[in-house]
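Colleague: One structure coming up, written as structure tokens, with questions to follow.
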Amino acid sequence: MKEKISLDADKRRWSPSPLVGQIVLITTLNEDGQSNIAPKSWISMMAFQPPLLALGCNLTHWTAQNILRDKEFVVNVPGEELVGQVWGMHAVAHARPVEAVGLTPVPAQKVRPPLVEECKAHLECVLVNHLAFGAEVIFFGEIVAGSVDREAFESTDPYEHLKMVVFLENGQFGVIEKSRRVEKPI
Ligand SMILES: Cc1cc2nc3c(=O)[nH]c(=O)nc-3n(C[C@H](O)[C@H](O)[C@H](O)COP(=O)(O)O)c2cc1C
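Okay, structure coming up:
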């Protein structure tokens, strides 16, 4: 057997990290109706029917408070081009509407929080359940509408257009630059 090095259970000490989280920008609405934008990476699909995703968030974050109150949020998918802004934006003080980080809010189809125009894809979600663990909360959002850049459909490989990014560890990210087909399934 190959030699293995033990991994700490505390994710903050993972280097390298054995799990990746896709970097997304969550938009919600503050109590006064102004938008809020925040980067998150604890997110994944959870079920086909209903189409459910789960999002992990600190309970004190504006994103969490807004979702608990309004029960709506949008998952915006940035490409590699936005990575600098993604890492810089949580340092921008609240209130932090989409415009405050130099991005553009556009109306969503089915929910009140806006889409972020500069992102490549968007999933509009309605909160169906949540579980709190200490200072953190996991939201279960049902996807009620979605959209992807038309340009992605015009490329031979849509993933080359999307250039989606994943969180690896503090200050480090990975990029999905292209897709590959499984040649010989066994
Ligand atoms: C790349 C990246 C990924 C992040 N992922 C998460 C996450 O999954 N959950 C979380 O609670 N905070 C995450 N954070 C930290 C929040 O974005 C940050 O604390 C932010 O200020 C919270 O904003 P809010 O209070 O408007 O929600 C992440 C930050 C970065 C830069």
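Position one of the sequence shown corresponds to residue 0 (numbering that gives the first Met the number 0), numbered consecutively onward.
We treat Cβ as the ideally placed atom computed from N, Cα and C, and that holds for glycine.
These figures come from a predicted structure and were not determined experimentally.
1) V165 and G172 - do their beta-carbons sit closer together than 8 angstroms?
2) At the level of alpha carbons, what is the spacing between K1 and G133?
3) Could you pull out every residue in the same chain whose Cβ sits closer than 8 angstroms to the Cβ of K162, ignoring the five residues on either side in sequence?
4) For F121, does the count of other Cβ atoms within 10 angstroms reach 16, so buried, or fall short, so exposed?
5) Following a CB-centred definition, is F166 positioned closer than 7 angstroms to any heavy atom of ligand 1?
6) Identify which residue in C124, V73, E123 and K39 has its Cα closest to the Cα of V82.
7) Evaluate contact between the stretch 3-11 and the stretch 25-44, counting only Cβ atoms and requiring at least three cross-stretch pairs below 8 angstroms.
8) Excluding the 5 residues flanking G145 on each side, which residues of the same chain have their C-beta closer than 8 angstroms to its C-beta?
9) Measure the beta-carbon distance from L51 to W41 and round it to whole angstroms, keeping in mind my assumption that it falls under 8 angstroms.
10) For ligand 1, is there any heavy atom lying closer than 7 angstroms to the beta carbon of N29?
Modeller: Looking at the atomic coordinates:
1) Checking the sequence, you will find Phe at residue 172 rather than Gly. Cβ atoms of F172 and V165: closer than 8 angstroms.
2) 37 angstroms
3) G78, E79, E80, K119, V174, I175 and E176
4) Per the sequence shown, residue 121 should be read as His rather than Phe. Flag for H121 reads buried.
5) yes
6) K39
7) no
8) A120, H121, L122 and E123
9) With 8 angstroms as the limit, L51 and W41 do not qualify as a contact, their Cβ atoms being about 15 angstroms apart.
10) no
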